[in-house]
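> One structure, as structure tokens, below. Some questions next.
Numbering (our numbering), first residue to last: -1 to 263.
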């Protein structure tokens, strides 16, 4: 994976300094109990993830894969506040994990700082609570939507691994372009158009259709897609950053012990 330039890394680091300091102050190592045994395993895992788009020139990227090739796993979970599409609603109900409420979110300040920075564009900020063990991959989407297709789509799969967590990232960032109208649409629009300006006389029927069509009339086709498929080991209660030429992933994992308050769905 290519790494971002030093200036970008410094910008991102500056945006995260406050949060990192707070996490360092609150993170505590596990302590043995009174009888000398270690603390019980967590029952739940709180996850927060920020996915950003970085400035890029798609003409200079060499690893854009085949178009339309972005398969999702057979089984994955949704956040409880995500709605299924019309097609998916007819399928078997999927697992849902409760999304974090605003008072549970700890990275809101980081998101606000990134949103004020013109080097990054925040595609999504998501948070949820999942079972500590045997959790399914969680579906992620974000960015702008072209009809019903999001720019960002994919899954994150988090599993415990000794004292850390294994994070499998399978994300796709897609770019779209307006598809040309059919001959019938162009001909219909040509009949509707009345040339009022001299420059319009130089426009083709297709160009006039694209210029005057409402957003509801436009249709989009996939132009290119970029994949970020990577496996990382993540330490709990710390900010972990995964870099790529197009998108970056900031993630924080917080285990919830049995003695702590359990999540509500």
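For each residue, glycine too, the CB sits at the ideal point set by N, CA and C.
Are residue 235 and residue 46 closer than 8 Å when you measure CB to CB?
Residue 235 sits at position 237 when you count from the first residue of the chain shown. Residue 46 sits at position 48 when you count from the first residue of the chain shown. Not a contact, by the Cβ cut-off of 8 Å.
> Hey, residue 98 and residue 127: beta-carbon distance below 8 Å or not?
On the chain shown, position 100 is the one that residue 98 refers to. On the chain shown, position 129 is the one that residue 127 refers to. In contact: residue 98 and residue 127 (Cβ atoms closer than 8 Å).
> Report all residues from its chain with a CB closer than 7 Å to the CB of residue 78; omit the five preceding and five following residues, and keep chain order.
Along the chain shown, one-based indexing puts residue 78 at 80. For residue 78, where only same-chain residues beyond five positions count, the Cβ hits under 7 Å are 94, 95, 96, 97 and 263.
> For residue 109, does the three-state DSSP call read helix, strand or coil?
Numbered from its first residue, the chain shown carries residue 109 at position 111. In the structure shown, residue 109 sits in a helix (DSSP, three-state: H, G or I).
> What's the C-alpha gap between residue 226 and residue 162?
Here residue 226 is taken as the residue at index 228 of the chain shown, counted from 1. Here residue 162 is taken as the residue at index 164 of the chain shown, counted from 1. Roughly 21 Å separates the two Cα atoms.
> Which residues in the same chain have their Cβ closer than 6 Å to the Cβ of residue 239, if we skip the five residues on either side of it in sequence?
What you label residue 239 is simply residue 241 of the chain shown in a count that begins at 1. Closer than 6 Å at the Cβ level, and outside the excluded window around residue 239, lie 248.
> Just list the residues that DSSP pairs residue 45 with in beta bridges.
Position 47 of the chain shown, counted from the first residue, corresponds to residue 45. Residue 45 is bridged to 126 and 251.
> Name the DSSP bridge partner or partners of residue 97?
Locating residue 97 in the chain shown gives position 99, where the first residue counts as 1. Answer is 126.
> For residue 51, tell me which candidate among 252, 108, 158 and 141 has the shortest Cα-Cα distance.
For the purposes of this step, residue 51 is taken as the residue at position 53 of the chain shown. Measuring from the Cα of residue 51, the nearest candidate turns out to be 141.
> By Cβ distance, which residues of its chain are closer than 6 Å to residue 40, with the 5 residues on each side in sequence left out?
Sequence index remark: in the chain shown, residue 40 carries index 42 (1-based). Cβ within range, chain order: 130, 253, 254 and 255.
> What is the DSSP secondary structure of residue 102, reduced to helix, strand or coil?
Here residue 102 refers to the residue found at position 104 of the chain shown. Of the three classes helix, strand and coil, the one that applies to residue 102 here is helix, per DSSP.
> Report the residue from 53, 92 and 224 whose alpha carbon sits nearest the alpha carbon of residue 134.
On the chain shown, residue 134 is found 136 positions in, with the first residue counted as 1. Checking every option, the nearest Cα to that of residue 134 belongs to 92.
> Could you spell out where the beta strand (DSSP E) holding residue 226 opens and where it closes?
For the purposes of this step, residue 226 is taken as residue 228 along the chain shown, with counting starting at 1. Element bounds for residue 226: 218 to 232.
> Roughly how many angstroms separate the alpha carbons of residue 173 and residue 153, rounded to a whole number?
In the chain shown, residue 173 corresponds to position 175, counting from 1. In the chain shown, residue 153 corresponds to position 155, counting from 1. Cα to Cα, the separation comes out at about 18 Å.
> Counting only the same chain and skipping the five closest in sequence on each side, list residues whose C-beta sits under 6 Å from that of residue 217.
Along the chain shown, one-based indexing puts residue 217 at 219. So the qualifying residues of the chain are 177.
> Using alpha carbons as the reference points, say which of 42, 244 and 74 lies closest to residue 150.
Taking the first residue of the chain shown as position 1, residue 150 is located at position 152. Closest option to residue 150, Cα to Cα, is 244.
> If contacts are defined as beta-carbon pairs under 8 Å, then residue 75 and residue 136 qualify, I think. What distance do you get, rounded to the angstrom?
Residue numbering aside, residue 75 sits at position 77 when the chain shown is read from its first letter. Residue numbering aside, residue 136 sits at position 138 when the chain shown is read from its first letter. Yes, residue 75 and residue 136 are in contact; Cβ-Cβ is about 5 Å, under 8 Å.
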